[in-house]
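Please read the structure below before turning to the comments.
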C-alpha cells in the first residue's frame, strides 16, 4: 500500500491501524499454535522412536536427571535430606567377571575316569612307583536329544475252553485322549513347548519330523483344545480360590483371533489376567473378544476387597458394582513422567516428577522385608507427605500445561489417578504398583511374538487355560511339565 492510498481522515486511519493490529495479533496466535503443534508432534516422534529403538528400561540415569537446585522446594519431604537423594538409579557399571557357577547338584553325573598308563606311573627321576595323591575334577553339561518311542499296549484275551460265553479281555488303561496316538507325556511336551518355550505348532511339526515322528499341526491343535476342556474343573477350583482372596491385581493385553464370528481377522481381542499374590499365588488368563467393562464384572463376580489396576476406565463399573477398593499403579504414573522427560517440551515436568517417584520407591526398597504393620507405619509417616506434596505441585502445573502435550498427559494422569495411587498407604500388604500382574502377562506377550495369533476362539480359550496353569505353577516354584 502506497502513501497515496492511505485515507486522509484521521479517524479512518486509526480504524485501519487497529484492524491491522488485531490481524497481526491473530496471525501471531496462529503461528504460536502451529509452533506448539510442531513441538508436540516432534515430541511424539521422539517418544515413538525411543519406544521402538531405545532399551526398554524404567531406569533414568543420574546423568539424565542431573543434580539441580530444588532442595528448597522439597525440604519438607521427610525422605529427602540432601541433593544426593535427588539422584536416580545409577547407570549400571560393567559387572565384574564372575566365576563360572557350578552345574546343578540335582543333575545325574556320569563319571569318566582318565588315568595314566601303567608305564607312566613311574618317577622319571628314580624309577619309584607313583602313588595317587588326589584328583583333578572338571564338569561339562551334556544333553541327549528328545527320545521318542512308541508305547505298545498289549491286552491279553482269555476264553473258556468249554463254552463260548467265558471270553475276557484285560481292561483298556485310562487314556488322556482315547482313540488318538497321543500319550499324556507327548501332549504335555507340546503344551510346554508352545506356551512356556514359545514354539508355535508349525515349528514343532518340523522338529518332530526331523526325529522321525510325523505329527501335523492340525492334530496337535485338536489335542490341545480337547485337553484344555478336560482341565476346566481344575481351572474352576483355582478360580474359586482366587475370588475368595481379598486382594487381586488385574490387567489385559491384546490377542488376534482369525476366525471369530462378527469380527474381522485383523481386529483385536483380549486376554484378561487376574493375579492373586501372597501365599499359594494364582494366575488366571481369560479370553474375551471385548475390552468392555462388562468383562471384569463377569470375571470378578463374588469378589470383595482390593483391586489393583492401571488407569483404564473399564474397571470403574466392577469397582462400583462390587463396592471394591480400587488401587492405582505407580509404575504407570512414573512412566508418563519418564516419557515427558524424554521430550523437549516436557523435560522439566518429567524431571521434577521423577524426583518424587525416586523418593517413594526408595522407601519401598527400605521396607521390603518389614511386616505389613511396619510397612503401613513407615508409608504413613514418610510416603504420604511426599504424595501430598506432589499432588500440590500437580495441581499447580495443570493450569500451566497443554492437556494434549506429553507433560500435560503425565500431570493429568497423576491428577485423575491420585485417589487410587494413594490407596496402598492404607495396608502394608498392598503393592505400590501393578507390576506383579504385568510380569505374569510378559510370557504371553513373548509367546505372541512367535505364534502371532490364534486361529479360532477355541484355540484362544485353550491358550488361556494353559497359560493359567503354567504361570500358576511357576509362581508356586513348581515345574510345569511335572
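In my numbering, the protein residues as written are 791 to 1272.
Even for Gly, the Cβ is constructed at its ideal location relative to N, Cα and C.
No experiment lies behind these values; they were computed from the predicted model shown.
Under the three-state DSSP convention, the category residue i falls into
i	result
residue 1026	helix
residue 1228	helix
residue 1040	strand
residue 882	Here the model assigns residue 882 a pLDDT of 47, short of 50, so the residue's position is not dependable, and the following value carries that caveat. Coil, per DSSP.
residue 1087	helix
residue 892	coil
residue 1255	helix
residue 1076	strand
residue 1116	strand
residue 996	helix
residue 824	helix
residue 1262	helix
residue 946	coil
residue 911	coil
residue 783	Within the shown structure, residues of the chain are numbered from 791 to 1272, placing residue 783 beyond reach of any answer.
residue 805	helix
residue 1187	helix
residue 863	Only weak support is given to the placement of residue 863: the predicted model assigns it a pLDDT of 45, under 50, and the question is left unresolved by the model.
residue 1053	coil
Boundaries of the beta strand (DSSP E) in which residue i is found, first to last residue
i	result
residue 972	That residue, residue 972, is in no beta strand (DSSP E); it is neither H nor E in DSSP.
residue 1048	1047-1049
residue 1061	1059-1066
residue 1214	Counting along the chain, residue 1214 falls outside any beta strand (DSSP E), and DSSP gives it neither H nor E.
residue 1244	1244-1246
residue 1097	1096-1098
Residue i versus residue j - alpha carbon distance
i	j	result
residue 815	residue 1133	29 Å
residue 1219	residue 978	36 Å
residue 1158	residue 1165	8 Å
residue 1020	residue 1100	33 Å
residue 1140	residue 1115	29 Å
residue 1097	residue 1232	20 Å
residue 993	residue 1013	16 Å
residue 876	residue 1142	The predicted position of residue 876 is uncertain, since its pLDDT is 43 and thus under 50; a value taken from the coordinates is nonetheless stated next. Taking the straight line joining both Cα atoms gives about 10 Å.
residue 1230	residue 1073	7 Å
residue 1268	residue 1123	34 Å
residue 801	residue 810	14 Å
residue 968	residue 974	11 Å
residue 959	residue 1010	31 Å
residue 820	residue 983	59 Å
residue 1061	residue 1003	33 Å
residue 1248	residue 896	39 Å
residue 1163	residue 1237	39 Å
residue 989	residue 1252	16 Å
residue 806	residue 824	27 Å
residue 890	residue 1196	46 Å
residue 1161	residue 1174	18 Å
residue 1040	residue 1224	8 Å
residue 1136	residue 1226	29 Å
residue 951	residue 957	10 Å
Of the residues the options, the one placed nearest residue i, counting alpha carbons only
i	options	result
residue 1065	1029, 1110 and 1048	1029
residue 1112	944, 817, 1044 and 1084	1084
residue 1034	986, 1155 and 1092	1092
residue 920	906, 1189, 1094 and 945	906
residue 1106	1120, 1123, 1095 and 1086	1086
residue 970	996, 958, 1002 and 1006	1006
residue 1080	1068, 1104 and 1254	1104
residue 963	942, 982 and 949	942
residue 1025	980, 999 and 1089	1089
residue 898	1015, 1038, 1242 and 929	929
residue 764	1018, 1002, 1176 and 940	Given a span of 791 to 1272 for the chain in the structure shown, any question on residue 764 remains unanswerable.
residue 1264	1136, 1043 and 1067	1067
residue 1239	1194, 1045, 1259 and 1053	1045
residue 933	900, 1121 and 1008	900
residue 961	944, 972 and 1023	944
residue 998	976, 1241, 1047 and 1244	976
Residue i burial status per 10 Å Cβ neighbour count (16 or more: buried)
i	result
residue 1271	exposed
residue 937	exposed
residue 1200	buried
residue 1076	buried
residue 864	The predicted model places residue 864 with a pLDDT of 44, which falls under 50 and marks its position as unreliable, so this point remains unresolved.
residue 853	Bear in mind that a pLDDT of 46 at residue 853, under 50, signals an unreliable position, so the number given afterwards is only what the model happens to contain. Label assigned to residue 853: exposed.
residue 1262	buried
residue 1129	buried
residue 1228	buried
residue 1109	buried
residue 939	exposed
residue 902	exposed
residue 949	exposed
N-terminal and C-terminal residue of the alpha helix (DSSP H) that residue i is part of
i	result
residue 1008	1007-1020
residue 1170	That residue, residue 1170, is in no alpha helix (DSSP H); it is neither H nor E in DSSP.
residue 787	An answer regarding residue 787 cannot be provided, because it is not within the stretch 791 to 1272 covered by the chain.
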